[in-house]
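Report on the structure given below.
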Amino acid sequence: MKHLLIAACLGALTVTAAGTAVAQEPAKKAAAKKAPAKKKASKKGATAAAPVPPKGEKWSCELGNSLYVDGNMLRDEVLTLNWQGKEYKLPRQTTVTGADRYYDSHSGLDLVVIPSKAMLFDRKEGHRLADECQTVAMQGGAAAPTQAGALRAPVATPLLVAPAQQPAQPQDAAQQQNAQPHQ
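Position 123 of the sequence shown, counting from 1, maps to 123 under the UniProt record's numbering, and the rest follow consecutively.
Set out below in structure tokens:
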């Protein structure tokens with residue numbers, strides 16, 4: 001009877017130990033499967049961090065910074081901005097000041113272009129990233145290639161000045177023509 005009781009206890013212990021071992025094996029397999037997934041994710045992160053070769057026109061800024069704008073400011077509603085090796089899609093925003101503004105709320109980048117220069121702001125951090133940005137043509141004296149600049153009238157004809165009126169003929173001159181005798 002004692003042998004039977006000992007055999008039952010040993011059987012219960014082996015079943016419990018075997019159940020624990022079986023339960024641990026799938027956990028090890030699941031952990032092994034998760035590890036390669038993390039490696040793949042880290043590889044994707046490494047390729048996303050690699051600098052993107054810039055496309056578009058180079059704008060040289062103060063302090064040796066530069067940005068690249070890909071797109072036509074005269075007609076495109078979304079520009080591609082390359083800043084510090086990363087590309088950002090910046091949609092056009094309407095302004096009341098006449099400046100061209102391209103702002104992406106996701107990244108916080110805000111590109112403001114006026115005829116003499118462009119400025120890049122980080123609205124999330126609340127500071128200016130680049131100032132005095134100009135193209136090669138702008139450095140030579142040309143205005144920025146902006147939509148607002150294209151819509152402006154030439155400087156020779158200011159918008160707020162009324163055109164000069166032709167002097168009307170004085171009534172005396174008209175009366176003198178009528179007063180001459182007809183032959």
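Backbone N, C-alpha and C define an ideal beta-carbon position, used for all residues, glycine too.
Who are the near neighbours of residue i in its chain, counting only those whose CB is closer than 7 Å to its CB and skipping five residues on each side?
{"i": "I6", "result": "none"}
{"i": "K89", "result": "V78, T80, D104"}
{"i": "T95", "result": "R101"}
{"i": "G85", "result": "P51, V52"}
Return the CA-CA distance between residue i and residue j, expressed in angstroms with no decimal places.
{"i": "D122", "j": "E87", "result": "15 Å"}
{"i": "S66", "j": "T146", "result": "18 Å"}
{"i": "V52", "j": "T135", "result": "20 Å"}
{"i": "V112", "j": "L63", "result": "18 Å"}
{"i": "L160", "j": "G141", "result": "Note that L160 scores 48 on pLDDT, short of 50, meaning its location in the model is unreliable; the coordinates nonetheless yield the value given after this. Straight-line Cα distance between these residues: approximately 25 Å."}
{"i": "M138", "j": "A50", "result": "31 Å"}
{"i": "D70", "j": "D131", "result": "18 Å"}
{"i": "N72", "j": "A144", "result": "12 Å"}
{"i": "K40", "j": "S107", "result": "The predicted position of K40 is uncertain, since its pLDDT is 48 and thus under 50; a value taken from the coordinates is nonetheless stated next. About 25 Å."}
{"i": "K43", "j": "D110", "result": "Low confidence applies to K43: its pLDDT is 47, below 50, so where it sits in the model is not reliable, and the reading given next is rough at best. Roughly 30 Å separates the two Cα atoms."}
{"i": "A125", "j": "L74", "result": "In the sequence under discussion, the amino acid at residue 125 is Glu, which differs from the Ala named in the question. Straight-line Cα distance between these residues: approximately 29 Å."}
{"i": "A46", "j": "C133", "result": "With a pLDDT of only 46 at A46, under the threshold of 50, the placement of this residue in the model should not be trusted; the figure read from the coordinates follows. Their backbone Cα atoms lie some 30 Å apart in a straight line."}
Can you give me the Cβ contacts of residue i inside the same chain, cut-off strictly under 6 Å, excluding the 5 residues immediately before and after it?
{"i": "Y68", "result": "P54, G56, K58, N82"}
{"i": "L129", "result": "L120, D122"}
{"i": "V155", "result": "At V155 the pLDDT is 46, less than 50, meaning the model places this residue with poor confidence; the figure from the coordinates comes in the next sentence. Excluding positions up to five away in sequence, the list is empty."}
In the DSSP output, what is residue i paired with across the bridge?
{"i": "Q93", "result": "R101"}
{"i": "A144", "result": "Paired residue(s): none; A144 is not in a bridge."}
{"i": "Q134", "result": "S60"}
{"i": "R128", "result": "F121"}
{"i": "S66", "result": "S60"}
{"i": "I114", "result": "K117"}
{"i": "E77", "result": "Per DSSP, none; premise fails for E77."}
{"i": "K86", "result": "W83"}
Excluding the 5 residues flanking residue i on each side, which residues of the same chain have their C-beta closer than 8 Å to its C-beta?
{"i": "D76", "result": "R92"}
{"i": "H127", "result": "F121"}
Got a sec: is the Cβ-Cβ distance from residue i to anything in chain D below 8 Å?
{"i": "Q134", "result": "In the structure shown, chain D cannot be found, because there is only a single protein chain."}
- Message: Quick check: the region 117–135 against the region 56–69, are at least 3 beta-carbon pairs closer than 8 Å?
- Response: yes
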